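Numbering (UniProt numbering), first residue to last: 1 to 293. Glycine included, every Cβ here is placed at the ideal spot set by N, Cα and C. Because the structure is a prediction, the values reported are computed rather than measured. Structure first, then comments.
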């Protein structure tokens with residue numbers, strides 16, 4: 001009986017093991033089947049991707065450039081005002097000097113942004129702005145403008161700004177007699193220490209204050225004009241508030257600068273060339289810069 005029981009046990013044990021192995025292998029088989037299906041789907045997607053991309057994004061047709069079409073750079077120069085290869089661009093450094101509260105910053109603000117601020121604060125140190133002027137369809141002048149502070153405590157900093165300057169605007173207030181004396185001192189300093197060929201313009205500002213009230217004028221036009229002529233300066237009476245003669249002032253300066261000696265677009269004044277006319281005959285025939293008489 002014991003022998004029969006042992007035989008029965010021996011005969012069923014391998015089948016039990018086989019049955020357990022089949023149950024254990026079923027999940028593995030299913031996982032392998034799913035993995036194979038996913039791999040097949042991915043392979044089909046990769047194979048069809050170029051065709052789908054081609055159908056969704058058809059190739060662009062390259063149209064030949066007409067023989068008469070100009071390069072983009074030439075078109076840009078023409079739009080800027082000038083024939084291709086014939087336009088001139090000159091860049092100069094300009095500094096504004098004068099006593100505090102005469103309207104230097106207001107002049108620059110009117111020239112650069114065509115704005116006026118009745119309650120503008122005094123400049124601290126110096127302010128930097130740029131503006132361009134088109135003298136004609138082929139000539140453009142860019143000003144790099146340094147607007148200096150007029151307070152006495154900043155006077156020692158002025159040489160840093162007028163050094164290597166090509167032009168300067170010395171401003172005074174036509175309702176303040178002392179401001180012209182201060183302007184004359186600035187002119188002497190520029191003529192003594194600045195670039196020997198610097199173009200200097202004298203600007204009598206706040207013309208709007210005496211238009212309706214002539215009795216407010218402290219400096220006559222004739223006296224200031226005579227001084228400008230004797231010192232070889234350009235001369236304008238301006239109003240930053242009404243913009244009278246503001247653009248004319250800077251245009252006159254641009255016209256008196258040696259444009260034929262200006263450097264290329266990427267050359268900044270004060271580096272190698274400073275807009276200085278080196279021809280000896282130019283100094284003999286040009287004479288002092290004319291005033292607006």
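Does the Cβ-Cβ distance between residue i and residue j come in under 9 Å?
i, j, result
"residue 97", "residue 183", "yes"
"residue 130", "residue 89", "no"
"residue 239", "residue 216", "no"
"residue 295", "residue 203", "For residue 295 there is no data in the structure shown, the boundaries of the chain being 1 and 293."
"residue 162", "residue 190", "yes"
"residue 104", "residue 132", "no"
"residue 359", "residue 251", "Because the chain is modelled from 1 through 293, residue 359 falls outside the range shown and cannot be assessed."
"residue 259", "residue 168", "no"
"residue 194", "residue 150", "no"
"residue 219", "residue 234", "no"
"residue 241", "residue 106", "yes"
"residue 227", "residue 180", "yes"
"residue 91", "residue 144", "yes"
"residue 236", "residue 201", "yes"
"residue 257", "residue 166", "yes"
"residue 243", "residue 110", "yes"
Along the alpha helix (DSSP H) that carries residue i, what are the first and last residues, could you check?
i, result
"residue 238", "It is not in any alpha helix (DSSP H) - residue 238 carries neither H nor E in the DSSP assignment."
"residue 361", "The requested residue 361 does not occur in the structure, where the chain is confined to residues 1 to 293."
"residue 162", "158-162"
"residue 301", "The chain is shown only over 1 to 293; residue 301 falls outside these bounds and no answer can be derived."
Does the Cβ of residue i have 16 or more other Cβ atoms within 10 Å, making it buried, or fewer, making it exposed?
i, result
"residue 198", "buried"
"residue 147", "buried"
"residue 291", "Residue confidence is low: residue 291 scores 45 on pLDDT, short of 50, so the model does not pin down where it sits. Its coordinate-derived value is still stated next. Result: buried."
"residue 172", "buried"
"residue 128", "exposed"
"residue 115", "exposed"
"residue 159", "exposed"
"residue 8", "Annotation note: pLDDT 41 at residue 8 (below 50); position unreliable, coordinate value reported separately. Burial call: exposed."
"residue 177", "exposed"
"residue 222", "exposed"
"residue 153", "exposed"
"residue 192", "exposed"
"residue 283", "Reliability fails at residue 283, whose pLDDT of 39 lies under 50, so the model's placement of it is uncertain and the value that follows must be treated cautiously. So residue 283 ends up on the exposed side."
"residue 121", "exposed"
"residue 157", "exposed"
"residue 196", "exposed"
"residue 230", "exposed"
Just verifying my parser: in three-state terms, what is the DSSP assignment at residue i?
i, result
"residue 118", "coil"
"residue 219", "coil"
"residue 196", "coil"
"residue 99", "coil"
"residue 3", "With a pLDDT of only 44 at residue 3, under the threshold of 50, the placement of this residue in the model should not be trusted, and no figure is reported."
"residue 126", "strand"
"residue 271", "Below a pLDDT of 50, predicted positions are generally treated as unreliable, and residue 271, at 42, falls in that range; the measurement from the model is reported next regardless. Of the three classes helix, strand and coil, the one that applies to residue 271 here is coil, per DSSP."
"residue 151", "coil"
Determine which residues share a DSSP beta bridge with residue i and list them.
i, result
"residue 88", "139"
"residue 204", "172, 237"
"residue 260", "Note: residue 260 sits in no beta bridge, so no partner."
"residue 132", "142"
"residue 94", "145, 167"
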